[in-house]
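For reference, the structure is listed below as structure tokens.
Number of protein chains: 2
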Amino acid sequence: MSAPKKSLEESTLERRVVFEGQFLKVRRDLAQMPDGTTATREFVQHPGAAAMVPIGTDERILVERQYRYSMGAIHVEIPAGKIDPGEASLQTARRELLEETGYEARQWAFLTRVHPAIGFSDEVMDLYLAKDLVLRERSMDLDEFLEIEWVTLGWMMDELRAGRLPDVKTQIAMHWLDRLYSGLWPWPAFDL
Amino acid sequence: MSAPKKSLEESTLERRVVFEGQFLKVRRDLAQMPDGTTATREFVQHPGAAAMVPIGTDERILVERQYRYSMGAIHVEIPAGKIDPGEASLQTARRELLEETGYEARQWAFLTRVHPAIGFSDEVMDLYLAKDLVLRERSMDLDEFLEIEWVTLGWMMDELRAGRLPDVKTQIAMHWLDRLYSGLWPWPAFDL
Numbered sequence: 778m779s780a781p782k783k784s785l786e787e788s789t790l791e792r793r794v795v796f797e798g799q800f801l802k803v804r805r806d807l808a809q810m811p812d813g814t815t816a817t818r819e820f821v822q823h824p825g826a827a828a829m830v831p832i833g834t835d836e837r838i839l840v841e842r843q844y845r846y847s848m849g850a851i852h853v854e855i856p857a858g859k860i861d862p863g864e865a866s867l868q869t870a871r872r873e874l875l876e877e878t879g880y881e882a883r884q885w886a887f888l889t890r891v892h893p894a895i896g897f898s899d900e901v902m903d904l905y906l907a908k909d910l911v912l913r914e915r916s917m918d919l920d921e922f923l924e925i926e927w928v929t930l931g932w933m934m935d936e937l938r939a940g941r942l943p944d945v946k947t948q949i950a951m952h953w954l955d956r957l958y959s960g961l962w963p964w965p966a967f968d969l
Numbered sequence: 778m779s780a781p782k783k784s785l786e787e788s789t790l791e792r793r794v795v796f797e798g799q800f801l802k803v804r805r806d807l808a809q810m811p812d813g814t815t816a817t818r819e820f821v822q823h824p825g826a827a828a829m830v831p832i833g834t835d836e837r838i839l840v841e842r843q844y845r846y847s848m849g850a851i852h853v854e855i856p857a858g859k860i861d862p863g864e865a866s867l868q869t870a871r872r873e874l875l876e877e878t879g880y881e882a883r884q885w886a887f888l889t890r891v892h893p894a895i896g897f898s899d900e901v902m903d904l905y906l907a908k909d910l911v912l913r914e915r916s917m918d919l920d921e922f923l924e925i926e927w928v929t930l931g932w933m934m935d936e937l938r939a940g941r942l943p944d945v946k947t948q949i950a951m952h953w954l955d956r957l958y959s960g961l962w963p964w965p966a967f968d969l
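Those protein sequences? They're chains A and B, same order as listed. Sequential numbering of the first sequence, starting at 778, is according to my numbering. Sequential numbering of the second sequence, starting at 778, is according to my numbering.
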């Protein structure tokens with residue numbers, strides 16, 4: 778593939794927060810287009826997030842069932858959460874794993890970074906693998922009602938193929954994990 | 778995996794649009810939790826979207842390079858767009874393919890449905906495969922500055938593994954396509 782043209786780039790002329798809710802913040806910037814004209818760029822300003830696949834004994838994976846209000850349905854997802862101020866994404870991953878499942882992991886590996894909503898948010902999400910798990914205690918956020926369960930990768934891939942894993946972070950993590958277990962890609966180092 | 782408990786479900790007590798920008802709409806509902814308490818649920822109300830993998834001769838894939846203002850970078854993505862009022866997602870996919878690349882596809886297959894931002898949006902995105910392509914004319918939206926290019930699936934998978942395909946719709950579509958070409962999963966019917 779040829780190198781991208783510099784002429785695709787846009788620059789910021791004005792930057793403004795136009796909405797700040799209890800949870801969401803919306804930016805509306807004025808941007809200069811490659812041809813010199815201007816355009817409005819509106820998007821959700823997001824602190825970033827981290828998600829992880831907790832891998833237990835017998836290669837089982839720890840997943841959550843959680844009601845997602847916006848979708849009006851219960852979804853199977855890997856544990857994840859938003860980055861708190863000052864946190865690195867690995868710290869977020871460690872904190873969320875403990876808060877949501879009660880487990881600590883003694884070995885971590887970085888998997889990949891994704892942009893879930895590239896069209897309307899600046900969210901960056903880091904995906905990790907976590908293994909060598911130790912059960913501590915579960916201390917959920919007040920707002921969170923979720924169930925955790927150990928499942929096999931095979932079950933997850935069947936669910937994915939059947940269209941029952943529409944959550945993108947979960948689907949992407951499973952695709953990666955399947956490529957690692959099948960030997961298509963080498964495992965990342967558990968050095969975190 | 779055991780059946781989910783009904784006790785995870787939340788119900789709507791109040792529904793309100795708290796922000797309506799030029800592009801984004803934010804809802805803030807009051808919801809009743811499984812234990813009877815109430816909580817605020819704030820999310821971007823999205824019209825839905827469609828994306829497709831245009832497959833050409835020699836199994837090449839048509840992708841776009843587009844500057845994403847929110848990320849401040851140029852990204853390689855499959856063509857996609859938001860659903861217009863009254864459109865079915867397949868119509869959106871046909872329209873966006875023509876508008877963004879100038880191609881029409883005579884054969885379509887449904888791939889899967891994903892939720893890109895399950896934590897803060899109700900967006901539903903349908904992914905399709907498109908083949909038997911015919912070049913019409915390119916009639917881009919005024920706001921869009923993008924380049925199109927034919928690439929191989931092998932190149933895309935290398936980019937993905939290297940962390941250079943962070944856009945979730947593109948990454949998920951490539952994972953599926955790779956499983957189809959490798960024979961791990963059967964091809965969906967091109968009957969649309």
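Built from N, CA and C at the ideal position, the CB exists for glycine as well. These numbers were taken from a predicted model, which means no experiment stands behind them.
Cβ of residue i within 7 Å of any chain A Cβ
| i | result |
| --- | --- |
| H952 (chain B) | yes |
| A870 (chain B) | no |
| R845 (chain B) | yes |
| T815 (chain B) | no |
| R793 (chain B) | no |
| F922 (chain B) | yes |
| D899 (chain B) | yes |
| A894 (chain B) | yes |
| F967 (chain B) | no |
| G879 (chain B) | no |
| E876 (chain B) | no |
| F887 (chain B) | no |
| R818 (chain B) | yes |
| L912 (chain B) | no |
| P719 (chain B) | With chain B represented from 778 up to 969, any question about residue 719 (chain B) goes unanswered, as that position is not in the structure. |
| Q884 (chain B) | no |
| L957 (chain B) | no |
Minimum Cβ-Cβ distance from residue i to chain B less than 7 Å
| i | result |
| --- | --- |
| A808 (chain A) | yes |
| S866 (chain A) | no |
| P943 (chain A) | yes |
| I832 (chain A) | no |
| L930 (chain A) | no |
| E841 (chain A) | no |
| R837 (chain A) | no |
| L785 (chain A) | yes |
| I949 (chain A) | yes |
| I860 (chain A) | no |
| I851 (chain A) | yes |
C-alpha distance - residue i paired with residue j, whole-angstrom precision
| i | j | result |
| --- | --- | --- |
| I925 (chain B) | D935 (chain A) | 34 Å |
| Q822 (chain A) | E787 (chain A) | 18 Å |
| L969 (chain B) | I838 (chain B) | 19 Å |
| W927 (chain A) | I832 (chain A) | 9 Å |
| L799 (chain B) | T869 (chain B) | A small fix is needed here, since residue 799 (chain B) is Gln in this sequence, not Leu. Roughly 20 Å between the two C-alpha positions. |
| F967 (chain B) | T889 (chain B) | 13 Å |
| F922 (chain B) | E797 (chain A) | 30 Å |
| R956 (chain A) | Y958 (chain B) | 15 Å |
| Y905 (chain A) | M848 (chain A) | 25 Å |
| K802 (chain B) | E791 (chain A) | 21 Å |
| M810 (chain B) | T817 (chain B) | 10 Å |
| T815 (chain A) | A808 (chain A) | 6 Å |
| L785 (chain A) | A827 (chain B) | 23 Å |
| W964 (chain B) | M933 (chain A) | 19 Å |
| Q948 (chain A) | H952 (chain B) | 10 Å |
| L937 (chain B) | D861 (chain B) | 30 Å |
| A886 (chain B) | R793 (chain A) | 42 Å |
| T929 (chain A) | G896 (chain B) | 24 Å |
| A950 (chain A) | R804 (chain B) | 29 Å |
CA nearest to the CA of residue i, picked from the options
| i | options | result |
| --- | --- | --- |
| V901 (chain A) | A:T929, A:G931 and A:A857 | A:A857 |
| G863 (chain B) | B:F897, B:R890 and B:P824 | B:P824 |
| R913 (chain B) | B:R872, B:A828, B:A808 and B:F820 | B:R872 |
| E836 (chain B) | B:L923, B:L910 and B:Q948 | B:L910 |
| A865 (chain B) | B:D903, B:Q884, B:T889 and B:L888 | B:D903 |
| D806 (chain B) | B:D812, B:V795, B:A828 and B:G896 | B:V795 |
| A939 (chain B) | A:V830, A:V891 and A:A808 | A:V891 |
| S898 (chain A) | A:T789, A:E819, A:Q809 and A:L954 | A:E819 |
| L954 (chain A) | A:M810, A:Q884, A:M829 and A:D812 | A:M829 |
| Q884 (chain B) | B:I895, B:G896, B:K908 and B:P893 | B:K908 |
| G813 (chain A) | A:T834, A:I895 and A:T789 | A:T789 |
| K859 (chain A) | B:A894, B:A886 and B:G931 | B:A894 |
| T834 (chain B) | B:A882, B:A950, B:F887 and B:W962 | B:A882 |
| G931 (chain B) | A:L961, A:L867 and A:R804 | A:L961 |
One or two residues paired with residue i in a DSSP bridge
| i | result |
| --- | --- |
| L839 (chain B) | B:W927 |
| L912 (chain B) | B:Y880 |
| T815 (chain A) | A:Q809 |
| S788 (chain A) | A:Q809 |
| T889 (chain A) | A:L904 |
| M829 (chain B) | B:Y905 |
| K802 (chain B) | B:E797 |
Any 3 or more C-beta pairs closer than 8 Å across the segment 939-955 of chain A and the segment 844-862 of chain A: The answer is yes - the segment 844-862 of chain A touches the segment 939-955 of chain A, with three or more Cβ pairs under 8 Å.
Three CB pairs or more closer than 8 Å across the segment 829-849 of chain B and the segment 864-877 of chain B: Touching, yes.
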